[in-house]
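Visitor: Here you go, one structure.
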Amino acid sequence: MFLTIKKKSIIAFLLCILAIGVFCGAYFPIKASTTPKPLHTIVIDAGHGGADGGAVGKVTGTEESEINLAYAKCLQELCQNFGIKVIMTRSDMNGLYDITAPNKKRSDMEKRRQIIESSGADLVVSIHMNSYPLPSAIGAQVFYAAGSESGKTLADLMQTEIVKSVPNARKVSSVGDYYILNCTDTPSVLVECGFLSNPQEEARLVTEEHRKKLCYSVLAGVLKFFDM
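Each residue of the sequence shown is one higher than the last, beginning at 32 in the working numbering.
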C-alpha cells in the first residue's frame, strides 16, 4: 500500500514538473543553442602565392606571399572573434591558378574574382606588401577603386586607424588601379602594409607585434564601416 502511494506521488511530481516546463516554454521561449548567423561576411585576400612570390625583403629575404598570408590569417582570426564571417581566397602558400593555364597570373586573378563574386560578401580586404627601387620609400597605405564611394569610405576609415597605431603610415588613402579592386562592385580595399624594400620597415613587418597592430587597425576600420 505504501509503495503504491509512493509511486503515485512520484508520478504526480513528474507530471507537475512537466506542466511547469510546458508553461515556461510557452511564455518564456528558450533561445536556440546554435551559433547565431553572422551579420556580415568579408573576403580576405592574401595576395600572390605559389610560383608568384611577389616582393622579397632585402634584409630577411622574406617573400611577400608568405608574409601576406600571415597577416591575412591574423586579420581572419580577429574578424571571427567579432562574429564576422570570413572567406579566404587562399589559406596556404599555393597559388590559385590552374597549373595548365598558359597565363597563370590571369588564371590566379580570375579565380580570386570568382571567389569574391560567389561569396556574397559585404566587402573585400586584399593584403599586400609594397616595394620600390628607392629604399627610403616607407609607410602603410590603403587603396580603393576609382569611382567607388563605398570603397573610399572603407579605405579612409582604415587609413585613419592605421595612422593611429603604425609608425610612418601614409596620412591618407589613395585610388589604386588594381584588378582585385576593379573586378567587383563589392566595396574593396587593398592594404599595402608597408615596404619590404625599406630595411627599417621590413624589420617591423616580420614581427608578430607589428602584424597584430596593423591587423587590429584594419579590423577597427571594418567595424566602423559596419557601424558595429
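Cβ atoms here follow ideal geometry from the backbone N, Cα and C, with glycine treated the same way.
1. Would you identify the three-state DSSP class for Val253, choosing helix, strand or coil?
2. Consult DSSP for Ser157 and reduce its assignment to one of helix, strand or coil.
3. What residue range does the beta strand (DSSP E) around Val173 cover?
4. Which whole-angstrom value describes the C-beta separation of Leu106 and Cys246, a residue pair presumed to lie in contact below a C-beta threshold of 8 Å?
5. Evaluate the contact criterion for the segment 183 to 199 versus the segment 124 to 139: three or more CB pairs, one atom per stretch, below 8 Å.
6. Where does Asp139 sit, in a helix, a strand or coil, going by DSSP?
7. Mind listing, in chain order, the continuous alpha helix (DSSP H) runs of no fewer than 4 residues lying wholly within the segment 181 to 215?
8. If the criterion is Cβ atoms closer than 8 Å, does the pair Met160 and Val249 meet it?
9. Whole angstroms is fine: what's the gap from Ser179's alpha carbon to Lys202's?
10. Per DSSP, Phe226 forms a beta bridge with which residues?
11. In terms of alpha-carbon separation, which member of Phe226, Val197, Leu185 and Lys244 lies closest to Lys260?
12. By a C-beta neighbour count over all protein chains shown, 10 Å radius and 16 as the cutoff for buried, is Lys68 buried or exposed?
13. Given this structure, state the Cα-to-Cα distance separating Arg143 from Glu233, to the nearest angstrom.
14. What residue range does the alpha helix (DSSP H) around Asp104 cover?
15. In its own chain, which residues sit with a C-beta less than 6 Å from the C-beta of Ala177, not counting the 5 before and 5 after it?
16. Is Asp76 buried or exposed, if buried means 16 or more other CB atoms sit within 10 Å of its CB?
17. So, at 8 Å on beta carbons, what are the nonlocal neighbours of Phe54 in its own chain, with the 5 sequence-adjacent residues on each side left out?
18. Could you check what DSSP says for Leu236 in three-state terms: helix, strand or coil?
19. So for Leu70, helix, strand or coil by DSSP?
20. Less than 8 Å between the beta carbons of Ile118 and Val237, yes or no?
21. With a threshold of 6 Å on Cβ separation, who are the neighbours of Ser219 within its own chain once the five nearest residues in sequence on each side are excluded?
Guide: Taking the structure as given:
1. helix
2. strand
3. Gln172 to Tyr175
4. 4 Å
5. no
6. helix
7. 210 to 213
8. no
9. 20 Å
10. Asn161
11. For residue 260 there is no data in the structure shown, the boundaries of the chain being 32 and 259.
12. exposed
13. 27 Å
14. In the sequence under discussion, the amino acid at residue 104 is Lys, which differs from the Asp named in the question. From DSSP, the alpha helix (DSSP H) with Lys104 extends over Glu95 to Asn112.
15. Val206
16. buried
17. Note that Phe54 scores 37 on pLDDT, short of 50, meaning its location in the model is unreliable and no value can be drawn from it.
18. helix
19. coil
20. no
21. Val155, Gly182 and Leu212
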